[in-house]
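Each remark here refers to the structure printed beneath this line.
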Amino acid sequence: MVEQGATPSVSGVRRRMLAAARALTTPLLPDDYIELMNPMWTTRELRGEIVDIRPETEDTSTIVIRPSAKWLGHWPGQYLRIGVEIDGRRHWRAYSLTSDPNHPDGLISVTVKHVPEGKLSPYFTRKAEIGTMVFLGGVEGEFRLPYPRPEKLLFISAGSGITPVWAMLRDLAESGALGDAKHVHCCTGPDDFIFGETLRALCEGTDGYDLSEHH
335 MVEQGATPSV SGVRRRMLAA ARALTTPLLP DDYIELMNPM WTTRELRGEI VDIRPETEDT
395 STIVIRPSAK WLGHWPGQYL RIGVEIDGRR HWRAYSLTSD PNHPDGLISV TVKHVPEGKL
455 SPYFTRKAEI GTMVFLGGVE GEFRLPYPRP EKLLFISAGS GITPVWAMLR DLAESGALGD
515 AKHVHCCTGP DDFIFGETLR ALCEGTDGYD LSEHH
């Protein structure tokens, strides 16, 4: 079975109009014509357009994506499957979401570390450009903050494993709930600490967050 993107969030009126149009255009469907004008307009599956690429370290970049339909949200710590067509084949990988779940512009982001022998990470860190289209799967994952929040939290991360932890820490900081959190992070060196500059500043300016780096 070929994996496809998630179903976009489309209004009921638009879906009824498309259903009526399908009866008139079979065997071709309205989406076939729509995609010729703009692939991002399709209602078959959720897609996204890369709108920004931000270097985080020498080998890691944050990929900012504008979904083709309203983003239905996620919990900090969850991940998203992203598909890319390379040499005529669609490849999928899962990446932790590093964007604010309530981004005012509805943008989402993933942060990708370059793996030379990988298929998608070299694409995102070396080849992808602003305007590149990607396919977006559903949001998944149970690694997220518990509710109710415990009084004390311990985070342990290493390398690119910082990405879901970063999403949780930012959410705690923005909601004023970073009361007593210990964070141990391991990486090869200070310059390889993804989001290191921001988290060091958070540690210096927040009494409730204690960061311990190990290189």
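Numbering (our numbering), first residue to last: 335 to 549. The beta carbon of each residue, even a glycine, is placed where N, CA and C say it ideally should be. As the structure is a computational prediction, the values presented were derived from the model and not from experiment.
- For the pair of segments examined, the region 504-518 was found to touch the region 480-492: the number of CB pairs separated by less than 8 Å reaches three.
- Here the alpha carbon of histidine 517 sits roughly 29 Å from the alpha carbon of glycine 472.
- Look at the beta carbons and you see the region 409-426 not touching the region 386-396: under three pairs across the two are nearer than 8 Å.
- Under the rule that a run must span 4 or more residues, no alpha helix (DSSP H) segment is found entirely inside the region 440-469.
- For arginine 424, no alpha helix (DSSP H) run applies; the uninterrupted beta strand (DSSP E) run containing it begins and ends at 423-430, by DSSP.
- Per the Cβ contact rule, the region 494-511 is in contact with the region 400-413 (3 or more Cβ pairs under 8 Å).
- Leucine 406 sits in coil when the DSSP states are folded into three classes, being neither helix nor strand.
- Look at glutamate 419 here: in three-state DSSP terms it is strand.
- Taking C-beta separations shorter than 8 Å and ignoring five residues to either side along the sequence, the partners of glycine 523 in its chain run His549, following chain order.
- Excluding the 5 residues flanking it on each side, glycine 465 has same chain C-beta neighbours closer than 7 Å at Glu383 and Ile384, in chain order.
- The three-state secondary structure of aspartate 505, taken from DSSP, is helix.
- Taking tyrosine 481 as reference, the option from Glu547, Leu441 and Leu506 with the minimal CA-CA separation is Leu506.
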